[in-house]
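Novice: I have a structure I would like to understand better, so I am pasting it below and will then ask my questions one at a time.
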Amino acid sequence: MSIQTITAPAEQTEWLYVPDIGYQTEGRLTRTMQCLIPHRRVWEHEEGCPLVVFIPGAAWQKQEMYNNLPALSMLARRGYAVASVQVREAGLATFPAQIEDVRRAMAALAEHAEAFHLDMRRVVLAGDSSGAHIALMAALTGRVSVRGVIDLYAPTDMLLSGGPMTASMLGVDSVRAHPEKAAAASCGTYITPDRDIPPVLIAHGLSDVIVSPEHSLLLYRQLRDCGKAARLVQVAGAGHGGGFWWSEPMLEVMDGFMQGLWKE
């Protein structure tokens, strides 16, 4: 055996878990956020960390707000504060109630910005599956202002999706019988050359059998055809969810995308 001496950096950042921060209460129901926030002994004046506001997917039904915290901590280790936001499920409120929830959550985070050392000038909205759809719609409709959006395998066209979960989100029995409601909840409706749209990172597994990769390809083409900044990452062998989406290769893609935003 031997004795080893190593040197720690003079200033270290750790991330604290702040659970169940309420941002909206209606009756007996409170919507909450799970936050991973940075902590140091000493902060420079007005110094803060960039923020990722993440919407977990659940087919627009009730989200599981705790299982993905280990995955989200991977972003925290790379220097980001993370807020995982609970939104109302379709059984409580149909679309577009969920994007109003995102707006309210963002307002609450701004109120906590000084205490949590958040840099509200560097905020990215993200999500997976239906959560990514909500994140996209919040940004595309202008309900929130963010530097960028990360979309992990979102359903983006409700007529292309068209299943019972989509119908539940829209509050109808049949999606195809209500094309106007489907259009109102589809990303392409809000993508026009004159609309201010933040850069979008789109990632989709080519083996996804739950949400077709066609959704992401369509969104990418709609954004690029209107002159908007978009990047599409197609992942051979990846399905809907799973560990790959928080592996080092994918974290590098997300981190690189966000670091590029701060340089613009």
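Going letter by letter, the sequence shown gives residues 0 to 263 in numbering that gives the first Met the number 0. Each residue gets a CB set at the ideal place from its N, CA and C atoms; glycine is no exception. This structure is a prediction, so every number in the text was calculated from the model and none was measured.
Taking the beta strand (DSSP E) that TRP14 falls in, what are its first and last residues?
Specialist: The continuous beta strand (DSSP E) containing TRP14 extends over residues 13-25.
Novice: Could you tell me whether the region 118-127 touches the region 145-152, using the rule of 3 or more Cβ pairs below 8 Å?
Specialist: Three or more beta-carbon pairs separated by less than 8 Å link the region 118-127 to the region 145-152, which places the two stretches in contact.
Novice: On the premise that ARG30 lies in contact with GLN97, defined as a C-beta separation below 8 Å, what is that separation, rounded to the nearest angstrom?
Specialist: At roughly 10 Å, the Cβ-Cβ gap does not stay under 8 Å, so GLN97 and ARG30 are not in contact.
Novice: Which residue comes first and which comes last in the alpha helix (DSSP H) that contains THR165?
Specialist: Segment 163-169, the alpha helix (DSSP H) holding THR165.
Novice: Would you please state the rounded distance, in angstroms, between the beta carbons of LEU205 and VAL252? I believe it to be under 8 Å.
Specialist: That belief does not hold up - the Cβ atoms of LEU205 and VAL252 are roughly 15 Å apart, past 8 Å.
Novice: Between ALA109 and VAL52, what straight-line distance do the alpha-carbon atoms span, to the nearest angstrom?
Specialist: 12 Å
Novice: Output needed for VAL208: all residues of its chain with C-beta closer than 8 Å, excluding positions within five of it in sequence on either side, in chain order.
Specialist: GLY238 and HIS239
Novice: With H, G and I counted as helix, E and B as strand and the rest as coil, what does DSSP make of SER160?
Specialist: helix
Novice: Taking 7 Å as the threshold (C-beta atoms), are ALA80 and PRO37 in contact?
Specialist: Yes, the Cβ-Cβ distance between PRO37 and ALA80 is below 7 Å.
Novice: Near ALA229, which residues of its chain fall below 6 Å by C-beta distance, leaving aside the five closest residues on each side in sequence?
Specialist: VAL199, TYR219, LEU222 and ARG223
Novice: Does the structure place the region 133-147 close enough to the region 184-203 that three or more beta carbon pairs sit under 8 Å?
Specialist: Contact holds: three or more Cβ-Cβ distances are below 8 Å.
Novice: Are the beta-carbon atoms of GLY161 and VAL171 separated by less than 7 Å?
Specialist: no
Novice: Under a three-way DSSP split, which group does HIS214 fall into?
Specialist: helix
Novice: Is the separation between the beta-carbon of SER129 and that of TRP244 shorter than 7 Å?
Specialist: no
Novice: Going straight from the alpha carbon of PRO55 to that of ALA153, what length do you get?
Specialist: Roughly 11 Å between the two C-alpha positions.
Novice: Could you tell me the boundaries of the beta strand (DSSP E) in which LEU205 lies?
Specialist: Counted as a single uninterrupted DSSP element, the stretch harbouring LEU205 is not any beta strand (DSSP E), since DSSP gives it neither H nor E.
Novice: Starting from the C-beta of THR301, find all residues in its chain whose C-beta is less than 7 Å away, skip the five residues before and the five after it, and write them out in chain order.
Specialist: This structure cannot settle anything about residue 301, because the visible part of the chain is limited to 0 through 263.
Novice: Should ILE20 be labelled buried (16 or more other beta-carbon atoms within 10 Å of its own) or exposed?
Specialist: buried
Novice: Among the residues of its own chain, which have a CB less than 7 Å from the CB of LEU15, if the five just before and after it don't count?
Specialist: ILE36 and HIS38
Novice: For ARG27, tell me which candidate among LEU91, PRO49 and GLN62 has the shortest Cα-Cα distance.
Specialist: LEU91
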